[in-house]
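In our numbering, the protein residues as written are 1 to 152. Where is the CB? At the ideal position from N, CA and C, for every residue including glycine. Since the structure comes first, as C-alpha cells, the remarks are kept for the end.
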Ligand SMILES: [Cu+2]
C-alpha cells in the first residue's frame, strides 16, 4: 500500500511535467510569433527577393497594393512604416538564401520556388541591418542591406 508521500511525489512530478509543457508552448509560440501573419486592409505587403548577391525589395506604391505598376523597387533596402504590420514575402531567384533581421528577431530561409512570408512591425523610426544567413556563394558576405523604418 502506497504511503501519502508516494502520492505527493507523483503529484509533484505531474505538476512539473505540465509546467514544462506550458513553458515550452509559451516560448515556442513567442519564438514563431513572426510567422503568424496579420490580415486586414492596414497590413503592408512587401516582397524581398534574394539572389546572388543582393536583395531586391518591392514595395507598394501610392495605390498601397503590391504587384501593381506603381510598385517601388529598391536594391538592398527595405522601407517600412512605423506602427504598421508588415508582411514580408521572402523569395529567392536562385539558390537558398536566408534573411536575418537582428533588430526584429527574424531568421528565415528563402527557398527556391516558395514564398516564405513573415510579419514584422517597427515601433520606432530607425535603421537596422539586413543580412544573408546562408552561405550562398562567393559574394555571400557582401549580401547585406538595411531596414529603414520611418513615420508615414
Ligand atoms: Cu545569400
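Item, Value
"Please look up how many angstroms separate the CB atoms of residue 38 and residue 150, rounded, as I've assumed it's under 8 Å.", "With 8 Å as the limit, residue 38 and residue 150 do not qualify as a contact, their Cβ atoms being about 20 Å apart."
"When you compare each of 4, 20, 75 and 85 to residue 41 by their alpha carbons, which one comes out closest?", "85"
"I'd like the ranges of any beta strand (DSSP E) spanning at least 3 consecutive residues and lying wholly in the stretch 3-69.", "44-51 and 54-59"
"Looking at C-beta atoms only, is the number of pairs between the stretch 98-117 and the stretch 128-142 that lie closer than 8 Å three or more?", "yes"
"Give the DSSP-derived three-state secondary structure of residue 133 in the structure shown.", "coil"
"Considering just the uninterrupted stretch of the beta strand (DSSP E) at residue 90, what are its terminal residues?", "86-92"
"On the three-state DSSP scale, how would you describe residue 124?", "coil"
"Does residue 137 pass the burial test, meaning 16 or more other C-beta atoms within 10 Å, or should it be called exposed?", "exposed"
"Among the candidates 73, 116, 34 and 3, whose CA atom is the shortest distance from the CA of residue 90?", "116"
"Could you name the residues that DSSP lists as bridge partners for residue 117?", "89"
"In whole angstroms, give me the CA-to-CA distance for residue 14 and residue 108.", "36 Å"
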